[in-house]
Amino acid sequence: MSIDIATVRSLAHLAQIGIEDGDLQTWAQEFDTMLAAVEPLAAVNVEGVEPMTNPAHSLRLILVEDGVTDGNVQEDVLRGAPDAREGFYAVPKVRE
Amino acid sequence: MLDLAMNAPEPRRIAGATGDWEIVIGLEVHAQIATQAKLFSGSSTRFGAEPNANVSYGDAAMPGTLPVLNRGCIAQAVRTGLGLKSRINLTSSFDRKHYFYPDLPSGFQLTQLFQPLVSGGEVLVEMGPGLVRRVRLDRIHVEQDAGKLVHDMDPAMSFVDVNRGGMPLMEIVSRPDIRSPEEAAAYLGKLRLIMRYLGTCDGNMQEGSIRADVNVSVCRPGQYEKWLEDGDFSHLGTRTEIKNVNSLRFVQQAAEYEARRQIAVIEDGGTLIQETRLYDPDRGETRSMRSKETAEDYRYFPDPDLLPLVIEQAWVDGLGAGLAELPDARKARYIADFGLSDYDASVLTAERENGEYFEAVAQGRDGKQAANWVLNELFGRMKRDEGVDITNCPVSPAQLGGIIDLIGAGTISGKIAKDLFEIVYTEGGDPARIVEERGMKQVTDTGAIEAAVDAVIAANPAQVDKAKQNPKLAGWFVGQVMKATGGKASPAAVNEIVAAKLGL
Chain A
419 MSIDIATVRS LAHLAQIGIE DGDLQTWAQE FDTMLAAVEP LAAVNVEGVE PMTNPAHSLR
479 LILVEDGVTD GNVQEDVLRG APDAREGFYA VPKVRE
Chain B
111 MLDLAMNAPE PRRIAGATGD WEIVIGLEVH AQIATQAKLF SGSSTRFGAE PNANVSYGDA
171 AMPGTLPVLN RGCIAQAVRT GLGLKSRINL TSSFDRKHYF YPDLPSGFQL TQLFQPLVSG
231 GEVLVEMGPG LVRRVRLDRI HVEQDAGKLV HDMDPAMSFV DVNRGGMPLM EIVSRPDIRS
291 PEEAAAYLGK LRLIMRYLGT CDGNMQEGSI RADVNVSVCR PGQYEKWLED GDFSHLGTRT
351 EIKNVNSLRF VQQAAEYEAR RQIAVIEDGG TLIQETRLYD PDRGETRSMR SKETAEDYRY
411 FPDPDLLPLV IEQAWVDGLG AGLAELPDAR KARYIADFGL SDYDASVLTA ERENGEYFEA
471 VAQGRDGKQA ANWVLNELFG RMKRDEGVDI TNCPVSPAQL GGIIDLIGAG TISGKIAKDL
531 FEIVYTEGGD PARIVEERGM KQVTDTGAIE AAVDAVIAAN PAQVDKAKQN PKLAGWFVGQ
591 VMKATGGKAS PAAVNEIVAA KLGL
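Quick mapping for you: the protein sequence lines, in order, are chains A and B.
According to the numbering used here, the first sequence is numbered sequentially starting from 419.
According to the numbering used here, the second sequence is numbered sequentially starting from 111.
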């Protein structure tokens, strides 16, 4: 599989990562290297095999009973924000 | 009971310049699950809290936090699925849907794309006497809501409140089985009603507990049937999705506008694009919406922090056994057990609380009489007061029942009962005591009634002669006697005595 520059640019946009035009080619090559590393997996026949999305598939998700046990830490959750006012996170104007 | 022996309504047809068109609509309904805590955190779901008060470190996507699934949310979604005759999938899983926007601290929403908790199901939507639209459901999956942006507090900044972030939602996805804007609104209303009966969503549309994405397309007559046959969606035309519509009326208006807009575009020789649009209720139109991502690429993948959700059939069965009675079943029961008319039963089941009130009044009494009092007197009276409904009405079922009992025991006449009702409605109090204290008791003492009848007869000799020739005029005497006794004379006794004295 070969990743072209347009794909890298699109991925960078989706991930909100700034990549200089001059670096796109290098990134494309690195993607190719990574994909080549996992490419052999495509040769395995998985016909009729249930997809396994987690190595701990035999374990089950733990559920907790419904009840309010958290929250009310407004000051703490806002503390790391670059800007916060009147209990809100303040961000540069977003236009719908 | 609604059943499929009933007829489906005709699809809406719109006459265009080039011939007739039909409308095809499918809804994706986001319903907030009624629980104390959020889907993956212990933060409160209470509406109207201080900004960012209902936010835990996990809701704010602080590094090192992990999601923990709330069993209550899953139970509510399972109940909803059972109430909608869906299939409950014992194994389901959560996926990440990615986008960058300030309302989403983690940069992804946890949802169930690949393996939803609930599949299939149906909603029967009554569109008139004997007309029922069966709307099939595709799936119900469980997901997180996003936070809220406030734009009007500062000209240069937007403000973010994450209270709604992580709130539990059910997304209920219908098949494109809805064939008119009216049906779309009625479908959403029925879905809301069912969830309110089940107690799985509070249905409060003002607070955003239910929002709908409305998918609309138009096609030529006959094309829909082709789709039913071969499943090829291209028969149905290019669809657009109107996002986040938050009332039944707006769903109907938006679908109506959008269908007509599409027809105009096609008939003008234009091409429809599959896109997301917004409904502007002030202008009554839909307009194209710039999407959150230029390309809608959400890069879904299974969440690596969450194991598959596996539930037990026995647990599902237990939830099913405790399921609340649904509106259609309740309506059928009112008709069968209380002998109510279809219309009266519909009104009494149109909101869950209506039926609860009615049944409390009907308990141990005549159901039909209870229904008449609730529908005619109580509902009629409440209509005159702004802001009064069954949940805050000043007359309790016990008080209304007390009034009915006083009629049944012959203590008060039906006419006096209405006066008594007004007193109880405006002043409150125990009906029996009010009757006692204010001398409203019906006069059953035949001596007193006879005296009153004699007085009326003596004063109106001409009327007596007329009544002897035309016995129907006896009613006039009854009316005079009732007037003379302040409406407290027992009408049955007055009738009898008047007839006897006039020799009829």
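Glycine residues also receive a C-beta, built at the ideal position from the N, C-alpha and C atoms.
Backbone CA spacing between L301 (chain B) and Y453 (chain B) [nearest angstrom]: Here residue 301 (chain B) refers to the residue found at position 191 of the second sequence. Here residue 453 (chain B) refers to the residue found at position 343 of the second sequence. Straight-line Cα distance between these residues: approximately 20 angstroms.
Whole-angstrom distance between L223 (chain B) and M263 (chain B), CA atom to CA atom: The sequence position of residue 263 (chain B) within the second sequence is 153, counting from 1. The sequence position of residue 223 (chain B) within the second sequence is 113, counting from 1. Taking the straight line from one Cα to the other gives about 36 angstroms.
Nearest-angstrom Cα separation, counted from G477 (chain B) out to A171 (chain B): Translated into the one-based positions of the second sequence, residue 171 (chain B) becomes position 61. Translated into the one-based positions of the second sequence, residue 477 (chain B) becomes position 367. Cα-Cα distance, rounded: 55 angstroms.
Any chain A beta carbon closer than 8 angstroms to R321 (chain B): As a first step, residue 321 (chain B) is located in the second sequence; it is residue number 211 there, counting from the start. Chain A, which has no Cβ nearer than 8 angstroms to the Cβ of R321 (chain B), makes this no.
DSSP bridge partner residues for G117 (chain B) (one or two, in chain order): On the second sequence, position 7 is the one that residue 117 (chain B) refers to. Position check: residue 117 (chain B) holds Asn in this sequence, whereas Gly was assumed. Answer is B:L241, bridged to N117 (chain B).
Close Cβ partners of R427 (chain A) (< 7 angstroms) along its chain, the five nearest in sequence each way excluded: Counting from 1 along the first sequence, the entry for residue 427 (chain A) is found at position 9. Excluding positions up to five away in sequence, the list reads L442.
Partners in chain B for L442 (chain A), counting only beta-carbon separations shorter than 9 angstroms: Taking the first residue of the first sequence as 1, we reach residue 442 (chain A) at position 24. What L442 (chain A) touches in chain B: nothing, since even the nearest Cβ is about 18 angstroms away.
Short CB-CB distance (under 8 angstroms) between R478 (chain A) and chain B: Within the first sequence, residue 478 (chain A) is the residue found at index 60, counting from 1. It does; some Cβ of chain B falls within 8 angstroms.
S284 (chain B) - containing beta strand (DSSP E), residue span: Walking along the second sequence from the start, residue 284 (chain B) turns up at place 174. Segment 278 to 284, the beta strand (DSSP E) holding S284 (chain B).
C-beta neighbour in chain A for G152 (chain B), strict 8 angstroms: Stepping through the second sequence from its first residue, residue 152 (chain B) is reached at position 42. By this cut-off, G152 (chain B) is an interface position.
Same chain, Cβ closer than 8 angstroms to V563 (chain B), neighbours up to 5 away in sequence not counted: Here the question's residue 563 (chain B) lines up with position 453 in the second sequence. If we look at V563 (chain B) and ignore the five residues flanking it on each side, its Cβ neighbours are F587, V591, V604, I607, V608, K611.
Rounded separation between V324 (chain B) and E469 (chain B) - CA only: As a working note, residue 324 (chain B) is residue 214 in the second sequence. As a working note, residue 469 (chain B) is residue 359 in the second sequence. Going by the C-alpha atoms only, they are around 37 angstroms apart.
Cross-chain neighbours of A266 (chain B) in chain A, by beta carbon under 7 angstroms: Locating residue 266 (chain B) in the second sequence gives position 156, where the first residue counts as 1. Going along chain A in sequence order, the residues near A266 (chain B) (Cβ under 7 angstroms) are K511.
For T536 (chain B), three-class secondary structure by DSSP: For the purposes of this step, residue 536 (chain B) is taken as the residue at position 426 of the second sequence. Reduced to three states, the DSSP call for T536 (chain B) is helix.
Contacting residues, own chain, Cβ-Cβ under 6 angstroms from F210 (chain B) (five flanking each side not counted): Here residue 210 (chain B) refers to the residue found at position 100 of the second sequence. These residues qualify, in order along the chain: G217.
For S284 (chain B), the nearest candidate out of B:R274, B:M267, B:L247 (CA to CA): Position 174 of the second sequence, counted from the start, is the residue given in the question as residue 284 (chain B). For the residues B:R274, B:M267, B:L247, the minimum Cα distance to S284 (chain B) belongs to B:L247.
Nearest-angstrom Cα separation, counted from T128 (chain B) out to D626 (chain B): Residue 626 (chain B) falls outside the range modelled here, since chain B spans only 111 to 614, and no answer is possible.
Three-state secondary structure (DSSP) of D515 (chain B): Counting from 1 along the second sequence, the entry for residue 515 (chain B) is found at position 405. D515 (chain B) falls in the helix class under three-state DSSP.
Paired residues, beta bridge with S398 (chain B) - DSSP: Reading the second sequence from its first residue, position 288 is the one you call residue 398 (chain B). S398 (chain B) pairs with B:R387.
Supposed contact pair L279 (chain B) and Q254 (chain B) - C-beta distance, whole angstroms, cut 8 angstroms: As a first step, residue 254 (chain B) must be located in the second sequence, where it is residue number 144. As a first step, residue 279 (chain B) must be located in the second sequence, where it is residue number 169. Indeed they touch by this definition, with Cβ atoms about 7 angstroms apart.
Rounded separation between D407 (chain B) and T425 (chain A) - CA only: Here residue 407 (chain B) corresponds to residue number 297 of the second sequence, with the count starting at 1. Here residue 425 (chain A) corresponds to residue number 7 of the first sequence, with the count starting at 1. Taking the straight line joining both Cα atoms gives about 12 angstroms.
Nearest-angstrom beta carbon gap, S523 (chain B) and K598 (chain B) [assumed within contact, 8 angstroms]: Your numbering for residue 598 (chain B) matches position 488 in the second sequence. Your numbering for residue 523 (chain B) matches position 413 in the second sequence. Right, the Cβ-Cβ distance comes to about 7 angstroms (below 8 angstroms), so this counts as a contact.
8 angstroms Cβ shell around K336 (chain B) - same chain, five flanking residues per side excluded: Within the second sequence, numbered from 1, the residue matching residue 336 (chain B) stands at position 226. Hits under 8 angstroms: D342, H345.
Extent of the continuous alpha helix (DSSP H) run through N482 (chain B): Mapped onto the second sequence, residue 482 (chain B) falls at position 372. Here the alpha helix (DSSP H) through N482 (chain B) covers 477 to 482.
Selected residue, minimal CA-CA separation from L510 (chain B), among B:L485, B:Q423, B:G596: Looking up residue 510 (chain B) in the second sequence gives position 400. Measuring from the Cα of L510 (chain B), the nearest candidate turns out to be B:L485.
Endpoints, beta strand (DSSP E) assigned at I304 (chain B): The residue given as residue 304 (chain B) occupies position 194 in the second sequence. Segment 291 to 308 is the alpha helix (DSSP H) holding I304 (chain B); no beta strand (DSSP E) there.
Selection from B:D213, B:E236, B:E232 that minimises the alpha carbon distance to G257 (chain B): Numbered from 1 along the second sequence, position 147 holds the residue referred to as residue 257 (chain B). For G257 (chain B), the nearest C-alpha among the options comes from B:D213.
Chain-ordered neighbours of R495 (chain A) on chain B, where CB pairs are closer than 7 angstroms: Your numbering for residue 495 (chain A) matches position 77 in the first sequence. A small fix is needed here, since residue 495 (chain A) is Val in this sequence, not Arg. Per Cβ cutoff of 7 angstroms: N162, V165, Y167, A170.
Any beta strand (DSSP E) of 3 or more consecutive residues that is wholly inside the segment 306 to 348 of chain B: 320 to 329
Where V566 (chain B) falls: helix, strand or coil (DSSP): The sequence position of residue 566 (chain B) within the second sequence is 456, counting from 1. Helix at V566 (chain B).
Cβ of G505 (chain A) within 8 angstroms of any chain B Cβ: For the purposes of this step, residue 505 (chain A) is taken as residue 87 along the first sequence, with counting starting at 1. Interface residue, yes.
is_contact[L417 (chain B), chain A] using C-beta, thresh 8 angstroms: The residue labelled residue 417 (chain B) in the question sits at position 307 within the second sequence. Output row for L417 (chain B): interface = yes.
Every unbroken beta strand (DSSP E) inside the segment 170 to 223 of chain B [3 residues or more]: 205 to 208, 218 to 221
Beta carbon proximity, G174 (chain B) to chain A, threshold 8 angstroms: Counting from 1 along the second sequence, the entry for residue 174 (chain B) is found at position 64. Output row for G174 (chain B): interface = no.
Cutoff 8 angstroms: Q434 (chain A) Cβ touching any chain B Cβ: Locating residue 434 (chain A) in the first sequence gives position 16, counting from the first residue. Yes, Q434 (chain A) lies at the interface with chain B (some Cβ there is under 8 angstroms from its Cβ).
In DSSP terms, what V462 (chain A) is bridged to: To locate residue 462 (chain A), count along the first sequence from 1; it is residue 44. Answer is none; V462 (chain A) lacks a bridge partner.
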